[in-house]
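Student: Supplied in structure tokens, the structure appears directly below.
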Amino acid sequence: MLSQRQSFAASSRYLLAPSLPRLSALRQPASTLHARPFRRRSGVAEALLKKMGTSPPGGRGSRSSDSSKASETVLEIQDEQQSQPSQQQQQQQQQQQQQEGVTKAPSFSADSNGSSAAPAASVLLPIAFAGGAVTVGDGLVLLDRMSPLARVQQHTATSDMVLLSMAASNGATALEDFSLGALHCKSWLCCARNKLWWMTPEWGKTARELPPECQFLLAELKDGSYATILPLISQQKFRGTLRPPK
1 MLSQRQSFAA SSRYLLAPSL PRLSALRQPA STLHARPFRR RSGVAEALLK
51 KMGTSPPGGR GSRSSDSSKA SETVLEIQDE QQSQPSQQQQ QQQQQQQQQE
101 GVTKAPSFSA DSNGSSAAPA ASVLLPIAFA GGAVTVGDGL VLLDRMSPLA
151 RVQQHTATSD MVLLSMAASN GATALEDFSL GALHCKSWLC CARNKLWWMT
201 PEWGKTAREL PPECQFLLAE LKDGSYATIL PLISQQKFRG TLRPPK
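Under UniProt numbering, think of the first position of the sequence shown as 1, with each following residue one higher.
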């Protein structure tokens, strides 16, 4: 049997923020920053003139080492100028591929009539309440032996949710424990609160193995389908949790 606890007491909220260490910026003295002007060498101009088929004025020759260095510099500049358009083209191609990937995202397949397949939400199994039990799909039982205090609200617009509410036996109270029903599943995975803002995962097979404060329960049914049981929290009015039977 699953039991649920509802607390109607307003709980205060605390925001825990870690303390950040102070970061001190290291200032570098202005004297360590230098601006060095670029000095043009005569060999660069001579190499350019030689490439154009002319000689420098005055018939002044240049050293072979200077001319070779200048030619290498000119070639490097040309290579950089030629490589810049190729890099831009690569970036444009990557952007086009990304855009094509977005436009060609996997879509639902179309049948022979031309109508697209139903969205993923339609693969959800219907869930209903009938005969004192909550059933999934073709009548697979998820919960039975429901409490007589349970009030069931079946959503008319969708058939993938059943809302259960409980009435306090003694009227308005700060804390109320009541039996929710018997859980039928092969195994379950849940998140249980162990501190104010911390939860840890737990798993098991029976309702008696549930942790004291369960905030989320994912149950694997006998046919391999899954169902979730979520205790509701309504701001400061009430907070519901699942716990094992007494």
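Heads up, the beta-carbon is just placed ideally off N, CA and C, and yes, glycines get one too. Only a predicted model underlies this, so the values are computations on that prediction, with no experimental measurement involved.
1) Counting along the chain, where does the beta strand (DSSP E) carrying residue 215 start and finish?
2) List the whole-angstrom C-beta distance separating residue 221 from residue 123, where the pair is believed to meet the contact cut-off of C-beta under 8 Å.
3) Given this structure, state the Cα-to-Cα distance separating residue 182 from residue 210, to the nearest angstrom.
4) Would you kindly work out how many angstroms separate the C-alpha atoms of residue 148 and residue 176, rounded to a whole number?
5) Which residues in the same chain as residue 160 place their Cβ atom closer than 7 Å to its Cβ, once the five residues preceding and following it in sequence are excluded?
6) Name the DSSP bridge partner or partners of residue 190?
7) Going by C-alpha to C-alpha distance, which of 223, 187 and 213 sits closest to residue 230?
8) Using DSSP bridges, identify the partner residues of residue 182.
9) Please report how far the alpha carbon of residue 218 lies from the alpha carbon of residue 141, in whole angstroms.
10) Leaving aside the five residues before and after residue 97 along the sequence, list all residues of the same chain whose C-beta is less than 8 Å from its C-beta, in chain order.
11) Since residue 166 is in the beta strand (DSSP E), which residue starts that stretch and which ends it?
12) Using beta-carbon positions only, say whether residue 244 and residue 193 come within less than 8 Å of one another.
13) Is it right to say residue 188 is buried, meaning 16 or more other beta carbons lie within 10 angstroms of its own, or is it exposed?
14) Under 7 Å from any heavy atom of the ligand FMN, does the C-beta of residue 173 make it?
15) How is residue 236 classed by DSSP in three states: helix, strand or coil?
16) Give me the Cα-Cα distance between residue 146 and residue 94, rounded to the nearest whole angstrom.
17) Can you tell me which of 90, 174 and 206 puts its alpha carbon nearest to the alpha carbon of residue 237?
18) How far does the beta strand (DSSP E) with residue 254 in it reach, from first residue to last?
19) CB residue 153 to CB residue 165, shorter than 8 Å?
20) Starting from residue 227, follow its DSSP beta bridges and name the residues at the other end.
21) Looking at residue 191 and residue 215, is the spacing between their C-beta atoms short of 8 Å?
22) What is the DSSP secondary structure of residue 207, reduced to helix, strand or coil?
23) For residue 199, which residues in the same chain have their Cβ closer than 7 Å to its Cβ, ignoring the five residues on either side in sequence?
24) Pick out whichever of 205, 131, 179 and 204 has its Cα sitting closest to the Cα of residue 241.
Tutor: Short version:
1) 214-220
2) At roughly 15 Å, the Cβ-Cβ gap does not stay under 8 Å, so residue 221 and residue 123 are not in contact.
3) When rounded, the distance between both Cα atoms is 13 Å.
4) 15 Å
5) 124, 126 and 127
6) Answer is 202 and 217.
7) 213
8) 144
9) 15 Å
10) none
11) 162-166
12) no
13) buried
14) The ligand FMN is not among the ligands present in this structure, which contains no ligands whatsoever.
15) coil
16) 59 Å
17) From the listed residues 90, 174 and 206, the smallest Cα separation to residue 237 is found for 174.
18) Residue 254 is absent from the structure shown; the chain starts at 1 and stops at 246.
19) yes
20) 219
21) yes
22) helix
23) 191, 192, 193 and 215
24) 179
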